[in-house]
Amino acid sequence: MSELLSIVQNQPRRALIIGAGIGASVFAVQALWRYFFTERSGKKLPRLRNEKWKLSGRCEIAIDSLELLLAELEPNKFQSEFGRGKYDLRRLPENDADDQQQQQKFVFSNLRFVVSEEKCETRRDKRNKFNGRDVRRLLEKAEQRGQRMERIRTNNPQKAQCVERNVAWERAFRRVTGQKVKDNVQMLKKGVIRKAKNKQRKKRKWDERKQMVEVDKERRMEKKKENVEKRKRQTTEKRKTRKKK
Numbered sequence: 001m002s003e004l005l006s007i008v009q010n011q012p013r014r015a016l017i018i019g020a021g022i023g024a025s026v027f028a029v030q031a032l033w034r035y036f037f038t039e040r041s042g043k044k045l046p047r048l049r050n051e052k053w054k055l056s057g058r059c060e061i062a063i064d065s066l067e068l069l070l071a072e073l074e075p076n077k078f079q080s081e082f083g084r085g086k087y088d089l090r091r092l093p094e095n096d097a098d099d100q101q102q103q104q105k106f107v108f109s110n111l112r113f114v115v116s117e118e119k120c121e122t123r124r125d126k127r128n129k130f131n132g133r134d135v136r137r138l139l140e141k142a143e144q145r146g147q148r149m150e151r152i153r154t155n156n157p158q159k160a161q162c163v164e165r166n167v168a169w170e171r172a173f174r175r176v177t178g179q180k181v182k183d184n185v186q187m188l189k190k191g192v193i194r195k196a197k198n199k200q201r202k203k204r205k206w207d208e209r210k211q212m213v214e215v216d217k218e219r220r221m222e223k224k225k226e227n228v229e230k231r232k233r234q235t236t237e238k239r240k241t242r243k244k245k
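Residue numbers (full-length UniProt numbering): 1 to 245.
Here's what the structure looks like:
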């Protein structure tokens, strides 16, 4: 029986913390906890809302996936991540004796903390980034890269093949990670033409709208003028009738 399986059987609370810390599926950890809780106590837990894992068939798959993830972590890194911080084992309830014994085994003076630094975007990364809505700028970048590739191809064909292979791999990696790569020159040219046509069409519609607004304004002004003239005539006629009386 694997080490993780024994942890899940004997210390289900700690298994939940370990599974959440190494990025395992919440549904996998919940299924493991429910399964071993029913095995140990004979009671059934109420079904969790939006639970997608069955308690029988997929528990072994969840155990294997959690064990693989746990094996990738170094021991010191495991202690630094789960000994202190967000998943602190000292915050567990006092009635869990196994977890308290496990806490005493940790030596906090020998911990090695791993701090992940965010990678700054370099100039080369910005140059090889082909996403966004500025199609004209993307076309310029694609054409510049094509010119660079032509110069490299004339001077060193072997290096050009290596660069093209790297560009293809980077393009594939970005697409796999969900990013859009807009580096096709022909498609970008069509996009520039399409954008120019849309701009002209919108300008034409705006001019038509402005013209319609001006026409409507003139029509309303004419109607207002006619109403004023009509009111004047009516008042003059009333005065004339009063004088006759």
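Glycine included, C-beta positions come from ideal geometry on N, C-alpha and C. Only a predicted model underlies this, so the values are computations on that prediction, with no experimental measurement involved.
Bounds of the alpha helix (DSSP H) holding residue 154 are 135-155. In this structure residue 146 is in contact with residue 185, their Cβ atoms being roughly 7 angstroms apart against a cut-off of 8 angstroms. The segment 134-143 and the segment 173-193 touch, with no fewer than 3 CB-CB distances between them shorter than 8 angstroms. The C-beta distance from residue 171 to residue 160 rounds to 16 angstroms, too long to fall under 8 angstroms, and the pair is not in contact.
About 5 angstroms separates the Cβ atoms of residue 181 and residue 130, confirming a contact at the 8 angstroms cut-off. Residue 183 counts as buried, since no fewer than 16 other beta carbons sit within 10 angstroms of its beta carbon. For the alpha helix (DSSP H) assignment, the uninterrupted runs of no fewer than 4 residues enclosed by the segment 149-211 are, from N- to C-terminal side, 157-176. In this chain, the alpha helix (DSSP H) harbouring residue 126 covers 123-127. For the pair residue 202 and residue 135, the CB atoms are not nearer than the 7 angstroms cut-off.
Ranked by Cα distance from residue 174, the first of 157, 125, 211 and 198 is 125. In the displayed model, residue 227 falls within a helix according to three-state DSSP. Residue 231 and residue 218 have their C-alpha atoms spaced approximately 20 angstroms apart.
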